[in-house]
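Report on one structure; see the data block that follows.
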Amino acid sequence: MTKLIELSDVVEKIPNGASLMIGGFLAVGAPLRLISEIERQGKRDLTIIVNDTNRAGKGVGKLIAAKAVRKVIASHVGTNSDTQKQLLAGEIEVELVPQGTLAERMRAGGVGLGGFLTPTGVGTLVEEGKPVIEVDGRSYLLEKPLRADFALVSAAQADHRGNLVYALTARNFNPLMAMAADTVIAEPHLIVPVGCLPPDSVVTPGAVVDYLVAREPHHG
Amino acid sequence: MTKLIELSDVVEKIPNGASLMIGGFLAVGAPLRLISEIERQGKRDLTIIVNDTNRAGKGVGKLIAAKAVRKVIASHVGTNSDTQKQLLAGEIEVELVPQGTLAERMRAGGVGLGGFLTPTGVGTLVEEGKPVIEVDGRSYLLEKPLRADFALVSAAQADHRGNLVYALTARNFNPLMAMAADTVIAEPHLIVPVGCLPPDSVVTPGAVVDYLVAREPHHG
Amino acid sequence: MDEKMIIASRVARELKSGMLVNLGIGLPTLVAQLLPDDLAVDFQSENGLIGLEPLPFEGLADDDLIDAGGRLVSASAGAAAFDSAMSFGLIRGGHMDVTVLGGLEVDENGHLANWMVPGKMVPGMGGAMDLVAGAKRVIVAMTHTAKGAPKVVPTCTLPITSSRRIDLVVTEMAVIEPTDEGLVLRETAPGVSVADVLAATSARLVVPETVGVMPI
Amino acid sequence: MDEKMIIASRVARELKSGMLVNLGIGLPTLVAQLLPDDLAVDFQSENGLIGLEPLPFEGLADDDLIDAGGRLVSASAGAAAFDSAMSFGLIRGGHMDVTVLGGLEVDENGHLANWMVPGKMVPGMGGAMDLVAGAKRVIVAMTHTAKGAPKVVPTCTLPITSSRRIDLVVTEMAVIEPTDEGLVLRETAPGVSVADVLAATSARLVVPETVGVMPI
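Protein chains in written order, with my numbering: chain F, 529 to 748; chain W, 529 to 748; chain G, 50 to 265; chain B, 50 to 265.
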């Protein structure tokens, strides 16, 4: 009944051209082993949905450096010089989304909403191509849900049913992504037996998690 | 720096005619002391926003029995014979909202969204008077945010800054309500010193909580 | 076996290991008791829990843990608790594999009515509208008739719960599947003939060449 | 005092005990260091924490706790952690009393531009658009000019961050308040004259009879 799987096996399930939500904020809370294995297997034409592309060559920056990414959907790509270069050279497509809207679009994708109205971005470049809807005298943008083929999330702890617990600012987008993808792969720091996580501490219920990637065992 | 206040003092702040979000699901997770004090002070013409009206004379059912309530916004009023009687007699106004839509409307009110699109209720009586918006070939209702003058919530634990932790199914609507009202009053089972709640266990940040009502002290 | 147990035991056969399942209040609740021991199903309670379990002993109840019908329950090892927005996020977001709901009427469009009788009973829809709109598979578990009147009808006379076509109706007499061709009679209960079902049904039923016997 | 410290210490005076405050990356971060000890302000970090604090000692860092600029930080007693949807729910939902943000330009409409220079620098807006749209009070902390060119301009030449009018601009030369009547010069820095400010500003400034001296 465990959802444990070998790192290489689970990454082999990701085809070229897939869309991936990848957790993390400046790589804190990013699934670093999964990212490295995607790079090692030489995936191509990926769409990645991330808060940011970290620094050049670090975290998801590894995938940018390896030119594995065709399109980035993110709120901020200013910390990674590779992304900036590829963007200004027209080698990579970047869709910039306000961070709160990005979080909310993922949430909408995960909880079955067809969209939501946000004041963020009204009257700015972000408004382009989006319906502006007035509610009770105030203008809002209609933003649409976001989903991906795969969500790659990291967590502080998991049990073997896939229940996930997060730590501090490593939580960030991970719980939202775990709800919004067809296949959810989690990379916890620690896997504990079923029954060892208090129900109130669980943020992502195991029912939405498909696979768990363990750290290499280092006991014995 | 504590937010502690006497029960009677905080309830005196609630004027007749106020709108109140009151946590609980069949009274589990309901702020029972606040409810009793509202009844005792004889408030009138209240609008209550609740999941349900519990049973006759129990939990918020006390307010129904006392005819303190002019309007109920709820997902279910079938368990309380008083609500049924007053409703069929035209003595109380009841707005029925699907439970998921009720939760999401409160959330939208708390997080600054102008509304959201839900598939729930399309083609039913719930659709009446609401815009139907098509997104990517599927129809959704545009539902609007819900806020209240006061939120009365219960919690398992609080610290003196108002950080709230909930237990099991007593969580229900409480965290959503704590975000969606102008004044938030919490009734925790236990109040602990600041620093005693792990940051990851806090569900409602103290920053949104205005007042804490303590249980009667029973030590010494 | 009384009619409720017949219905619940037939519905139990629709559940598979690993599924996330929501059981409505009343008759559907019985399904949990009738699952084979080797089936590992996660039960969700829309008031905020995955891992709903009956109380092992009376004394082990906690006031803060009830099911959506208000009964004191227990949580299984590996349970998770959450607020109502997350709970209905799971339901509406397509994470719920099966929901089993009671019904007042089901019609030839596969529409379910189960939340009010205008002028008589206005309990409210609770979570039913979200469950029907959002669950991957909706099974209606209800008696075939009410005081002799058919509940499988040409068009719902009561306000419908959702415009979504439900997936299966299980009664003590029959298993009926709403399809593009209408309501197809899939199975009859042991000792119940096709003619018996037709006589107790006001909707038009499509009767295929082979109609199975309900395994219960 | 260098110009950044002048700006940050003036901004610090806008904060009151009990406020929930978000400080943008860069210059605004300095504000936290300049608060009087008896002021109890809650700092939010949009990557998911209320209760942001500088590290007491280098050795006490944890890899899982950073601020929105990526620096290792600490959490105060009474801190709360949450996901990004909740974090921006607090911001957009009007729970944030003050946000202090850097700026590239502010114009006579009170519009802020701070997220891109087309063709040159496209970092993205990060959380800035939500912060400006949602915080109760938006304070822009920026140098008065960039390489001699005024940053307080008639109309933003760069893409704006929000159509919402920001509440206050604090530079090393002046405090300026956008109002219905335009940009009002409220204060000048010690040793800076009104004429100095006007000379370094391309926007039209409304100069009231009394212009205060920045308390820093």
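Just so you know, even glycine gets a beta-carbon here, dropped at the ideal spot from N, CA and C.
Every value quoted in this text rests on a predicted model; they were computed, and no experiment measured them.
What does a CB cutoff of less than 7 Å around residue i pick up in its chain, not counting 5 residues either side in sequence?
i	result
S729/F	V693
G143/B	G183, K185
S547/F	T575, I577, A676, D677
Identify, in the order they occur along the chain, each residue of the same chain with its Cβ nearer than 6 Å to the Cβ of residue i, setting aside the five sequence neighbours on each side.
i	result
S58/B	L83, I265
A154/G	According to the sequence provided, residue 154/G is Glu. The question's Ala does not apply to it. So the qualifying residues of the chain are A162, K200, V202, C205, L207.
A184/G	M145, T148
T611/F	T581, I592, V605
W164/B	M174, A177, T210
E226/G	L217, V233, R235
E95/B	A117, S136, G176
L615/W	V622
A124/G	G100
Start and end of the beta strand (DSSP E) containing residue i?
i	result
N700/W	Where N700/W is concerned, there is no enclosing beta strand (DSSP E), given that its DSSP letter is neither H nor E.
Q685/W	676-687
K196/G	Where K196/G is concerned, there is no enclosing beta strand (DSSP E), given that its DSSP letter is neither H nor E.
A602/W	597-602
A190/B	186-190
S66/G	Looking at the DSSP string, S66/G is not in any beta strand (DSSP E), and its letter there is neither H nor E.
Alpha helix (DSSP H) containing residue i: first to last residue?
i	result
D537/W	535-540
I713/F	No alpha helix (DSSP H) holds I713/F; the beta strand (DSSP E) holding it covers 709-720.
G690/F	Neither: G690/F is in no alpha helix (DSSP H) and is coded neither H nor E.
E567/F	560-568
S58/B	52-61
D179/B	177-183
I believe residue i touches residue j by the beta-carbon criterion, under 8 Å. Please report the beta-carbon distance rounded to the nearest angstrom.
i	j	result
G97/G	T697/W	5 Å
L645/F	L670/F	6 Å
K531/W	V737/W	6 Å
Q627/F	S603/F	4 Å
I620/F	V588/F	Between V588/F and I620/F the Cβ distance is about 12 Å, and since that is not below 8 Å, they are no contact.
T629/W	N608/W	Going by Cβ atoms, the distance from T629/W to N608/W rounds to 21 Å, so no, they are not a contact pair.
R675/F	A709/F	6 Å
L680/F	P543/F	With 8 Å as the limit, L680/F and P543/F do not qualify as a contact, their Cβ atoms being about 14 Å apart.
R141/G	V639/F	6 Å
K672/F	G690/F	With a Cβ gap of about 28 Å, K672/F and G690/F do not count as contacting.
Can you tell me whether residue i is helix, strand or coil according to DSSP?
i	result
T250/B	coil
F106/G	coil
S547/F	strand
G628/F	helix
V28/G	This structure gives no information on residue 28/G, because the portion of chain G shown stretches from 50 to 265.
F644/F	strand
R213/G	coil
I576/F	strand
E230/G	coil
P726/W	coil
Q612/W	helix
T78/B	helix
R131/B	A small correction: the amino acid at residue 131/B is Phe; Arg does not occupy that position in the sequence shown. F131/B falls in the coil class under three-state DSSP.
A735/F	helix
D111/B	coil
G638/F	helix
G143/G	coil
E236/B	strand
G159/B	coil
I661/F	strand
I592/W	helix
R666/W	strand
M222/G	coil
Near residue i, what residues of its chain come up, given a Cβ to Cβ distance below 8 Å and the 5 sequence neighbours on each side ignored?
i	result
L64/G	V70, V80, L84, L88, V90, V147
A129/G	L98, I99, G100
M50/G	S58, I265
contact_flag[the segment 187-201 of chain B, the segment 643-655 of chain F] where n(CB pairs < 8 Å) is 3 or more = no
*Is it a yes or a no for the segment 173-181 of chain B touching the segment 219-239 of chain B, going by three-plus beta-carbon pairs under 8 Å?*
No: fewer than three Cβ pairs fall under 8 Å.
Does the segment 155-172 of chain B come into contact with the segment 223-235 of chain B, if we say contact requires no fewer than three beta-carbon pairs (one atom in each stretch) closer than 8 Å? yes
Touch test, the segment 670-689 of chain F against the segment 711-726 of chain F, Cβ-Cβ under 8 Å, three pairs minimum:
yes
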